[in-house]
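There are 2 protein chains.
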Amino acid sequence: MTFRAPSIRDVAKVAGVSTASVSRTLSNPELVSEATRALVFDAVQQTGYRINVSARNLRKQATSAIAVLVPNLANPFFARILSGIAEVMSDAGFSVLITDTTPMSLDDHHFPVFLSLNQTDGLIVLDGLLARDALLNRGTPATRAPMVFACEWNENLVRPSVTIDNEAAAGRAMDHLISLGHRRIGVLNGPRDNVLTKARFKGAEAAIHAAGLELPQRWIYDGDFTLQSGVRAAAHWHGAQDRPTAIFCASDEMAMGFIGELNQRAVKVPDEVSVVGFDDLEIAAHFVPPLTTIHQPREAIGRAAARMLLDRMNLSPQEREHQPVPKLVLPVDLVIRKSTAPPPG
Amino acid sequence: MTFRAPSIRDVAKVAGVSTASVSRTLSNPELVSEATRALVFDAVQQTGYRINVSARNLRKQATSAIAVLVPNLANPFFARILSGIAEVMSDAGFSVLITDTTPMSLDDHHFPVFLSLNQTDGLIVLDGLLARDALLNRGTPATRAPMVFACEWNENLVRPSVTIDNEAAAGRAMDHLISLGHRRIGVLNGPRDNVLTKARFKGAEAAIHAAGLELPQRWIYDGDFTLQSGVRAAAHWHGAQDRPTAIFCASDEMAMGFIGELNQRAVKVPDEVSVVGFDDLEIAAHFVPPLTTIHQPREAIGRAAARMLLDRMNLSPQEREHQPVPKLVLPVDLVIRKSTAPPPG
DNA sequence: ATCGCCTATGTAATCCTTTACATCGGGATT
DNA sequence: AATCCCGATGTAAAGGATTACATAGGCGAT
């Protein structure tokens with residue numbers, strides 16, 4: 003005697019109405035008389051009916067859900083963005099499925115079916131690298147779920163996006179260091195093939211050259227946005243002969259790893275080196291010393307991306323194909339705290 | 003001319019076989035001859051066919067997906083747990099849907115349908131408070147998706163769980179402070195009705211009393227696990243006449259907020275106050291000073307919870323109802339770094 | 001040659017909702 | 001009184017995949 007969950011038929015039987023009336027009561031109550039409504043609600047109670055989402059999705063050809071592809075959930079940077087997305091989407095009646103793409107990047111086999119139009123109604127991608135082999139580009143425009151990039155983007159793919167001006171932001175950070183009097187400034191980069199890394203480095207380099215300064219190779223450190231890579235950079239810096247007096251880090255995590263490691267080695271920040279971060283994580287303001295960094299409006303980015311996606315989903319595939327592709331660039335601020343100061347001496 | 007995504011029928015037609023053969027080729031290739039297989043793969047290519055997940059789920063009465071309910075994605079504590087879950091689940095062929103429960107707690111209306119068996123095949127709940135009005139307890143055991151609690155749990159609900167011994171851990175932290183010579187020790191609590199708060203406070207209090215010390219009300223600070231509440235506690239501490247020489251914080255975030263704020267007020271940690279955290283977030287080791295804290299095996303918790311859920315999903319509803327409910331308690335360590343020292347003087 | 005078995009394939013029922021269309025009364029309009 | 005309209009309800013057709021069951025053909029054993 004294998005149990006079957008109550009279906010709409012069971013409810014209809016108990017209520018003494020048709021399945022159509024039950025369905026209407028549940029999704030368009032205004033189409034149904036007061037009396038029937040009461041009957042149906044009662045029957046739902048009695049049977050313990052829950053809707054079968056798969057059946058509904060199949061029939062409606064829509065899921066009322068969108069997916070967010072995050073490169074690395076362990077990175078606290080993304081939390082606020084997600085909450086911005088969730089806020090807008092939940093108001094619009096959509097569920098948000100969050101997926102970490104890290105396990106997938108190696109192995110396309112594990113790649114979820116999210117991308118096809120019939121698993122989610124749309125996609126927000128926070129991972130610019132994901133599109134290896136145009137993973138996001140499969141299918142025809144008509145079968146492809148509408149998507150928007152947020153924060154990161156992919157240079158080979160023309161898609162709607164919400165970003166900040168990374169180049170300008172990095173320039174601002176550099177100008178700050180330069181105006182403090184630094185002449186020997188290093189850069190701690192993110193992962194080499196990341197679009198943010200490229201943009202930020204480009205902006206930083208441009209600002210240095212604009213000030214008539216040099217950025218020799220030995221002051222450029224490789225990192226990957228993580229704490230650990232900040233630690234490694236600090237070790238290099240500490241071991242070097244010819245050190246920069248200030249470092250621009252492409253992420254707060256790296257900046258904090260850098261400072262933390264210097265602290266272990268009894269090097270004082272900002273007395274001996276100035277450090278600028280990027281992102282303005284929650285903790286940046288509470289770090290010791292409080293971090294000078296580029297503030298990203300993360301919640302706003304999330305909300306904007308969600309709204310943009312909602313707009314795109316309201317378009318027909320043809321319209322999506324033929325209308326201009328929206329690109330939104332949000333303004334950022336440099337917030338000056340205590341990790342930067344004039345160079346020693 | 004409204005476009006329809008290619009279905010299995012279209013593939014069948016192109017390949018010149020039945021829909022059954024297409025389906026078999028795609029999900030049980032060994033049932034099908036080499037020749038047919040080739041035909042079908044070709045047709046799939048040609049048509050650009052993607053499976054319709056809703057239809058499959060409807061027919062199979064299963065989704066190959068599980069949901070994780072997280073109280074607050076902004077809390078970096080959860081990231082590693084999620085990655086542990088994702089690792090095990092993805093190996094087992096399941097997708098993982100992550101949902102932040104914060105927006106829902108106020109407003110049951112937004113509550114997703116995840117909980118009924120037909121949206122996901124199982125549930126991992128990291129939020130012990132969620133079950134207000136027994137939200138998780140709806141339906142009958144047969145219609146309810148199998149679930150397991152991880153980290154947090156609900157005192158009114160008997161469910162499988164993977165946790166740590168919070169009470170013992172808090173005791174260990176206290177004993178460390180006591181053995182350093184502290185006699186006046188404060189406690190910074192998490193949210194008042196949280197199970198972790200209760201367990202950790204209980205353990206801390208017990209250790210204090212066991213050492214023949216007192217824990218007066220004025221040394222007990224209210225918090226909510228966030229940085230901000232650590233900041234507030236620091237302000238209180240700083241403003242008070244009669245201060246403890248050490249503080250046990252129920253989360254690393256609060257500990258860091260506390261230390262950060264003291265730093266702003268030029269109070270040195272651990273010289274003037276010792277601080278112990280709880281969780282051992284990534285950044286704890288890199289904070290200034292590096293944080294003495296309770297290490298939680300977060301990835302292991304996630305993996306264990308995932309495996310436990312997998313086991314439960316393999317049971318029939320009857321078996322689930324009648325077998326003993328598994329409860330796994332993982333061991334924790336105290337890791338001693340630089341934020342604790344003997345009391346001043 | 002006949003029977004039985006096994007493999008490969010096809011046919012069609014099924015999973016559960018939503019919704020286009022048909023139907024039925026009853027009130028308002030002429 | 002006949003007509004029209006409108007609101008409430010019911011009937012039944014999708015929607016796309018899986019799979020139990022039926023069938024067909026090939027092969028070996030007798």
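Going down the list, the protein sequences come from chains L and C. Mapping of the first sequence onto our numbering: residues 3 to 347, in sequence order. Mapping of the second sequence onto our numbering: residues 3 to 347, in sequence order. In this text, a Cβ means the ideal position worked out from N, Cα and C, and glycines have one as well.
Express the C-alpha separation of residue 269 of chain L and residue 218 of chain C in angstroms, rounding to a whole number.
Along the second sequence, read from residue 1 onward, the residue named residue 218 of chain C stands at position 216. Along the first sequence, read from residue 1 onward, the residue named residue 269 of chain L stands at position 267. When rounded, the distance between both Cα atoms is 40 Å.
Can you tell me where the beta strand (DSSP E) holding residue 279 of chain C begins and where it ends?
The residue given as residue 279 of chain C occupies position 277 in the second sequence. Its beta strand (DSSP E) spans residues 276-281.
Ignoring anything shorter than 3 residues or poking outside the segment 145-207 of chain C, list the beta strand (DSSP E) runs there in chain order.
Secondary structure within the segment 145-207 of chain C: the beta strand (DSSP E) runs of 3 or more consecutive residues, fully enclosed, are 149-152, 163-166 and 187-190 (chain order).
Neighbour-count burial assignment, residue 197 of chain L, 16 or more Cβ in a 10 Å radius
For this step, residue 197 of chain L is matched to residue 195 along the first sequence. Note on residue 197 of chain L: 16 or more other CB atoms within 10 angstroms of its CB, so buried under the neighbour-count rule.
Using DSSP with H/G/I as helix, E/B as strand and the rest coil, what is residue 95 of chain L?
Stepping through the first sequence from its first residue, residue 95 of chain L is reached at position 93. Of the three classes helix, strand and coil, the one that applies to residue 95 of chain L here is coil, per DSSP.
Return the chain-ordered list of same chain residues with a C-beta closer than 6 Å to the C-beta of residue 51 of chain C, the five sequence neighbours on each side being excluded.
Position 49 of the second sequence, counted from the first residue, corresponds to residue 51 of chain C. Answer for residue 51 of chain C: 8 and 13, listed in chain order.
Roughly how many angstroms separate the alpha carbons of residue 257 of chain C and residue 229 of chain C, rounded to a whole number?
By 1-based counting over the second sequence, the position of residue 257 of chain C is 255. By 1-based counting over the second sequence, the position of residue 229 of chain C is 227. The alpha-carbon atoms of residue 257 of chain C and residue 229 of chain C are separated by roughly 8 Å.
Using only the heavy atoms of the ligand GTP, determine whether one of them is closer than 7 Å to the beta carbon of residue 130 of chain C.
As far as ligands go, the structure on display features none, and thus does not contain the ligand GTP.
Just the chain L side, please: which residues come within less than 9 Å of residue 262 of chain C by C-beta, in chain order?
As a first step, residue 262 of chain C must be located in the second sequence, where it is residue number 260. Within chain L, the residues near residue 262 of chain C are 285, 287, 288, 289, 290 and 292.
Cβ pair residue 72 of chain C, residue 129 of chain C closer than 8 Å:
In the second sequence, the residue the question calls residue 72 of chain C occupies position 70. In the second sequence, the residue the question calls residue 129 of chain C occupies position 127. Against a cut-off of 8 Å, the Cβ pair of residue 129 of chain C and residue 72 of chain C comes out as a contact.
Compute the beta-carbon to beta-carbon distance between residue 160 of chain L and residue 332 of chain L, rounded to the nearest angstrom, for a pair I have assumed lies under 8 Å.
Taking the first residue of the first sequence as position 1, residue 160 of chain L is located at position 158. Taking the first residue of the first sequence as position 1, residue 332 of chain L is located at position 330. Contact flag wrong, Cβ pair sits at about 20 Å.
Which chain C residues sit within Cβ distance under 9 Å of residue 259 of chain L?
Walking along the first sequence from the start, residue 259 of chain L turns up at place 257. At a beta-carbon threshold of 9 Å, the residues of chain C lying near residue 259 of chain L are 285 and 288, ordered along the chain.
Residues of chain C with CB closer than 7 Å to the CB of residue 57 of chain L, please, in chain order.
As a working note, residue 57 of chain L is residue 55 in the first sequence. Listed along the chain, the chain C residues whose CB falls inside 7 Å of the CB of residue 57 of chain L are 60.
Enumerate in chain order the residues of its own chain whose CB-to-CB distance from residue 86 of chain L is below 6 Å, with the five nearest sequence positions on each side excluded.
Walking along the first sequence from the start, residue 86 of chain L turns up at place 84. Here residue 86 of chain L has 301, 304 and 305 as same chain residues with Cβ atoms under 6 Å from its own Cβ, once five neighbours each way along the sequence are excluded.
In the structure shown, what three-state DSSP assignment does residue 21 of chain L receive?
Counted from its first residue, the first sequence places residue 21 of chain L at position 19. Residue state, collapsed to three classes: helix.
Secondary structure at residue 254 of chain C, three-state DSSP: helix, strand or coil?
Here residue 254 of chain C refers to the residue found at position 252 of the second sequence. Residue state, collapsed to three classes: helix.
Say whether chain L places a C-beta atom closer than 8 Å to the C-beta of residue 338 of chain C.
Start at 1 with the first residue of the second sequence, and residue 338 of chain C comes out as number 336. For residue 338 of chain C, not one C-beta of chain L is nearer than 8 Å to its own C-beta.
Quick check on residue 82 of chain L - is its C-beta less than 8 Å from some C-beta in chain C?
Position 80 of the first sequence, counted from the start, is the residue given in the question as residue 82 of chain L. For residue 82 of chain L, the answer is yes, since a Cβ of chain C falls inside 8 Å of its Cβ.
At least one CB of chain L closer than 8 Å to the CB of residue 187 of chain C: is that the case?
Translated into the one-based positions of the second sequence, residue 187 of chain C becomes position 185. Closer than 8 Å: no.
Restricting to runs no shorter than 4 residues, where is the alpha helix (DSSP H) found entirely within the segment 286-337 of chain C?
Listed in chain order, the alpha helix (DSSP H) elements of length 4 or more contained wholly in the segment 286-337 of chain C are 300-315 and 319-324.
Taking its Cβ as the centre, do 16 or more other Cβ atoms sit within 10 Å of residue 121 of chain C, making it buried, or is it exposed?
Indexing the second sequence from 1 puts residue 121 of chain C at position 119. The residue is buried, with at least 16 neighbouring Cβ atoms inside 10 Å.
Strictly under 8 Å for the Cβ-Cβ distance: is residue 30 of chain L near chain C by that measure?
Within the first sequence, the letter at position 28 stands for residue 30 of chain L. With 8 Å as the cut-off, residue 30 of chain L does not count as an interface residue toward chain C.
Output yes or no for whether 8 Å exceeds the beta carbon distance between residue 310 of chain C and residue 193 of chain C.
Position 308 of the second sequence, counted from the start, is the residue given in the question as residue 310 of chain C. Position 191 of the second sequence, counted from the start, is the residue given in the question as residue 193 of chain C. No, they are not a contact pair.
Just curious, the beta strand (DSSP E) that residue 71 of chain C is in, first and last residue?
Against the second sequence, residue 71 of chain C aligns to sequence position 69. It spans 67-72 - the beta strand (DSSP E) in which residue 71 of chain C sits, taken as one unbroken run.
Take residue 29 of chain C as the anchor and find which of C:318, C:58, C:173 and C:103 has the nearest alpha-carbon.
Counting from one through the second sequence, the residue named residue 29 of chain C turns up at place 27. Selection C:318, C:58, C:173 and C:103 evaluated against residue 29 of chain C yields C:58 as nearest (Cα-Cα).
Cα separation between residue 125 of chain C and residue 266 of chain L?
Residue 125 of chain C sits at position 123 when you count from the first residue of the second sequence. Residue 266 of chain L sits at position 264 when you count from the first residue of the first sequence. Taking the straight line from one Cα to the other gives about 42 Å.
Which of the three DSSP states is assigned to residue 344 of chain L in this structure?
Stepping through the first sequence from its first residue, residue 344 of chain L is reached at position 342. If DSSP states are grouped into helix, strand and coil, residue 344 of chain L belongs with coil.
Give me, in chain order, the residues of the same chain whose beta-carbon lies closer than 6 Å to that of residue 232 of chain C; leave out the 5 immediate sequence neighbours on both sides.
By one-based count along the second sequence, residue 232 of chain C stands at place 230. Exclusion of the five residues before and after residue 232 of chain C leaves 256, 259 and 260 as the residues of its chain whose Cβ lies within less than 6 Å of its Cβ.
Comparing the C-beta of residue 191 of chain C with each C-beta of chain L, is any distance below 8 Å?
The residue labelled residue 191 of chain C in the question sits at position 189 within the second sequence. No, residue 191 of chain C lies away from the interface with chain L (no Cβ there is under 8 Å from its Cβ).
Quick check on the burial criterion: 16 or more other C-beta atoms within 10 angstroms. Buried or exposed for residue 281 of chain C?
Your numbering for residue 281 of chain C matches position 279 in the second sequence. Buried, since its Cβ has 16 or more Cβ neighbours within 10 Å.
Give the secondary structure of residue 49 of chain C by DSSP, where H, G and I count as helix, E and B as strand, and everything else as coil.
The residue given as residue 49 of chain C occupies position 47 in the second sequence. Reduced to three states, the DSSP call for residue 49 of chain C is helix.
Find out if the Cβ-Cβ distance for the pair residue 99 of chain C, residue 67 of chain C is shorter than 8 Å.
In the second sequence, the residue the question calls residue 99 of chain C occupies position 97. In the second sequence, the residue the question calls residue 67 of chain C occupies position 65. Taking C-beta atoms as the reference points, residue 99 of chain C and residue 67 of chain C count as a pair closer than 8 Å.
By the three-class DSSP mapping on this structure, what secondary structure does residue 81 of chain L have?
Stepping through the first sequence from its first residue, residue 81 of chain L is reached at position 79. In the displayed model, residue 81 of chain L falls within a helix according to three-state DSSP.
Looking at the C-beta of residue 75 of chain C, does it have a partner C-beta in chain L at a distance below 8 Å?
Start at 1 with the first residue of the second sequence, and residue 75 of chain C comes out as number 73. For residue 75 of chain C, the answer is yes, since a Cβ of chain L falls inside 8 Å of its Cβ.
Which chain C residues are close to residue 78 of chain L, counting only those with a beta carbon under 8 Å from its beta carbon?
Translated into positions along the first sequence, residue 78 of chain L becomes position 76. Under the 8 Å cutoff, chain C gives 76, 78 and 81.
Under 8 Å, Cβ to Cβ, is there at least one residue of chain L near residue 88 of chain C?
Counting from 1 along the second sequence, the entry for residue 88 of chain C is found at position 86. Chain L has a Cβ within less than 8 Å of the Cβ of residue 88 of chain C.
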